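Written below as structure tokens is the structure these notes are about.
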Amino acid sequence: MSDVTPADEKLIWAHFLLGDSHWYAAEFDGKDTFFGYAVLNGDMMNSEWGYFSLAELTELRVGPFVVCVEDGWRVREFKEVMSERHGGGWNG
Numbered sequence: 005m006s007d008v009t010p011a012d013e014k015l016i017w018a019h020f021l022l023g024d025s026h027w028y029a030a031e032f033d034g035k036d037t038f039f040g041y042a043v044l045n046g047d048m049m050n051s052e053w054g055y056f057s058l059a060e061l062t063e064l065r066v067g068p069f070v071v072c073v074e075d076g077w078r079v080r081e082f083k084e085v086m087s088e089r090h091g092g093g094w095n096g
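So for the sequence shown, this note's numbering puts the first residue at 5; every next one is plus one.
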């Protein structure tokens, strides 16, 4: 029996966003590195699971805009987030 959580059942603990780019955090090392799902520029075809850095997110700028953390985020499974936010579309 495997103890690996399927991607669609992973809990998403935080949501970072900038325009149409989204980073959904499923794991955090307690220092700087998250593991989660990234949708860059609304491109669902090339969205993917991977690692991203909190330091790099906080340095990212597009003109006067910066990455924000969604206030009032409700922790839930990845499949629910994708259904609510992206019409269920993901390349899992």
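Where a beta carbon is used, it is the ideal one built from N, C-alpha and C, also for glycine. From a predicted model like this one, the values you see are computed outputs, not experimental measurements.
Could you pull out every residue in the same chain whose Cβ sits closer than 7 Å to the Cβ of residue 45, ignoring the five residues on either side in sequence?
Your numbering for residue 45 matches position 41 in the sequence shown. Excluding positions up to five away in sequence, the list reads 24 and 25.
State the start and end residues of the unbroken beta strand (DSSP E) segment that holds residue 37.
The residue you call residue 37 lines up with position 33 of the sequence shown. Judged by DSSP secondary structure, residue 37 falls within the beta strand (DSSP E) whose first and last residues are 37 to 43.
Pick from 20, 7 and 10: whose alpha carbon is nearest that of residue 78?
Reading the sequence shown from its first residue, position 74 is the one you call residue 78. The shortest C-alpha separation from residue 78 is found at 20.
Output needed for residue 64: all residues of its chain with C-beta closer than 8 Å, excluding positions within five of it in sequence on either side, in chain order.
Here the question's residue 64 lines up with position 60 in the sequence shown. Correct list, in chain order: 22, 70 and 71.
Does DSSP put residue 74 in a helix, a strand or coil?
Along the sequence shown, one-based indexing puts residue 74 at 70. Three-state result, residue 74: coil.
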